[in-house]
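First up is the structure itself, then whatever we jot down about it.
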Amino acid sequence: MSETILVTGSTGFIGARLLHCLEGRDFAVRVLLRPESNARSLPEGVDAVRADFSDPDALGRAVLGVARIVHLAGITRARNEEEFDRGNVMPVRNLLAAVREHNPGLKRFVLVSSLAAAGPASEGVHGVRESDEPRPVSAYGRSKLRAERICMDASGTVPVTIVRPPAVYGPGDRDVLQVFRMLSKGVLVSAGNPFVQRFSMIYVDDLVRGIMEAAYSGNAAGHLYYLTSRQTWSWDDVIAAARPSLGFGKLRRIVLPNPLVYLLGAFGGLAGRLSGKPPLINRDKANELVQDYWVCSSEKAAEELGFIAATQLAEGVGKTIAWYRKKGWM
Ligand SMILES: NC(=O)c1ccc[n+]([C@@H]2O[C@H](COP(=O)([O-])OP(=O)(O)OC[C@H]3O[C@@H](n4cnc5c(N)ncnc54)[C@H](OP(=O)(O)O)[C@@H]3O)[C@@H](O)[C@H]2O)c1
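Each residue of the sequence shown is one higher than the last, beginning at -10 in the working numbering.
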């Protein structure tokens, strides 16, 4: 084995797929597990270090001797900015501090951020670019942006690369699963203007490849990249891609008016505050749902990393639905 790569968030959707794709490759993998992480689904024999992101000594042990770090751990739901900071910002700050102290020779720190850090585009053809001023519309997006800024501030001492995926779909994902479940019943409930909306998406195995390009490319240190499909899609494209696998006939489409989406967001936020649990929908989530163009440009990653997300929507959706069925999720 030539070198060791440390992966955080390895028990999540993208992390699990990353480990799967790394199996049999010519480097060792270490995972950082939080005290509360559920390690049951990890491949057998994987080198795991338990570390609380607020424990500098444990983080020091986790980063010691690794050549590269892929930081995937994070949260997409929380009750407020402080909770998002604890999940998305503090771990980045403390990991980078541990790297400076215990592993100054680290070759690359890859932060997996999100299109949410930039916010939606103002048009649906080219989408947002890396050089555009970020305009996040949610606390989640703002927390990812704060984490990015900490990374960029550290880039004088740690070689950091930030990647921003748009919506990720594929085996193991539980978010886009909800859309396929609705479609399988011949229904689609959506928010915003479905006749205008366009989105970038990426199949998880393409993303994993892009993350590895970002971790290994000599040119990528100090840079930010969108890792996304070249095309953008409408709801009609997603419906057409899913139809052959799901076999639904006539589709009943229900479009929630924006005031109702925001009302649901307000109730969800209140329920979250009363129950102490992160809600499924709140004002922020409502804000994200009604946007027209969650679209970003694949150009810089193609030019500088040579990265192309090759999986076509119909192929990716077909594989994803087949996986859900095999696992009994659908
Ligand atoms: N899925 C998408 O569509 C998408 C799109 C853009 C960006 N991203 C970003 O990609 C990363 C991975 O996403 P994912 O879809 O794989 O998410 P996921 O399935 O929710 O996994 C995230 C992982 O983060 C760790 N985690 C959970 N709670 C945490 C907390 N309070 N503090 C720190 N870490 C915590 C857990 O791993 P351990 O238990 O192993 O620590 C969890 O499995 C995230 O940073 C997310 O923001 C995802």
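For each residue, glycine too, the CB sits at the ideal point set by N, CA and C.
Rounded to whole angstroms, the Cβ separation of residue 199 and residue 298 is 7 Å, and the two are in contact under 8 Å. Shortest Cα-Cα distance from residue 182 to any of 282, 41 and 149 involves 282.
Looking at the backbone, the Cα of residue 108 and that of residue 84 are separated by about 26 Å. Counting the other CB atoms within 10 Å of its CB gives residue 155 a total of 16 or more, which places it among the buried residues. For residue 19, the secondary structure class from DSSP, reduced to helix, strand or coil, is strand.
Annotation note: the region 49 to 74 contains the following uninterrupted alpha helix (DSSP H) runs of length 4 or greater, listed N- to C-terminal: 70 to 73.
The secondary-structure analysis by DSSP pairs residue 190 across a beta bridge with 156.
The Cβ atoms of residue 287 and residue 215 sit closer than 8 Å to each other. With a threshold of 16 other beta carbon atoms within 10 Å, residue 296 meets it and is buried. Check the Cα spacing between residue 185 and each of 278, 113, 164 and 26: the tightest is with 113. Membership of residue 235 in the alpha helix (DSSP H) is indicated by the continuous run 224 to 235. Looking at the DSSP output, residue 214 shares a beta bridge with 152.
Note: residue 179 is bridge-paired with 244 in the DSSP secondary-structure output. With contacts defined as CB atoms closer than 8 Å, residue 158 and residue 65 fail to qualify as a contacting pair.
Residue pairing of residue 39 in beta bridges, as defined by DSSP: 22. Within its own chain, the residues whose Cβ lies closer than 6 Å to the Cβ of residue 2, once the five positions on either side in sequence are excluded, are 161 and 162, listed in chain order. At a Cβ-Cβ threshold of 8 Å, residue 151 and residue 234 do not count as neighbours. Residue 309: member of the alpha helix (DSSP H) spanning 302 to 315, first to last residue.
With at least 16 other beta carbons inside 10 angstroms of its own, residue 300 counts as buried. About 3 Å separates the beta carbons of residue -2 and residue 61, which is inside the 8 Å limit, making them a contact pair. CA-CA distance, residue 284 to residue 117, rounds to 6 Å. Annotated three-state conformation of residue 98 is strand, per DSSP.
Residue 276 and residue 102 do not touch by the CB rule: their CB atoms are close to 18 Å apart, not below 8 Å. In the DSSP assignment, residue 3 falls within the unbroken alpha helix (DSSP H) covering 2 to 11. By the CB criterion at 8 Å, residue 147 and residue 59 fall outside the cutoff.
DSSP lists 17 as the bridge partner or partners of residue -7. Residue burial is scored here from C-beta neighbours: residue 4 has at least 16 other C-beta atoms within 10 angstroms and is therefore classed as buried. For the 8 Å CB-CB criterion, residue 8 and residue 32 form a contact. The Cβ atoms of residue 140 and residue 196 do not sit closer than 8 Å to each other. For residue 276, the enclosing alpha helix (DSSP H) begins and ends at 272 to 278. Closer than 7 Å to some heavy atom of ligand 1: that does not describe the Cβ of residue 218. If you draw a straight line from the Cα of residue 262 to the Cα of residue 96, it is about 42 Å long. Under the three-state reduction of DSSP, residue 185 is assigned to coil, being neither helix nor strand. Here the distance from the Cβ of residue 316 to the nearest heavy atom of ligand 1 is not below 7 Å.
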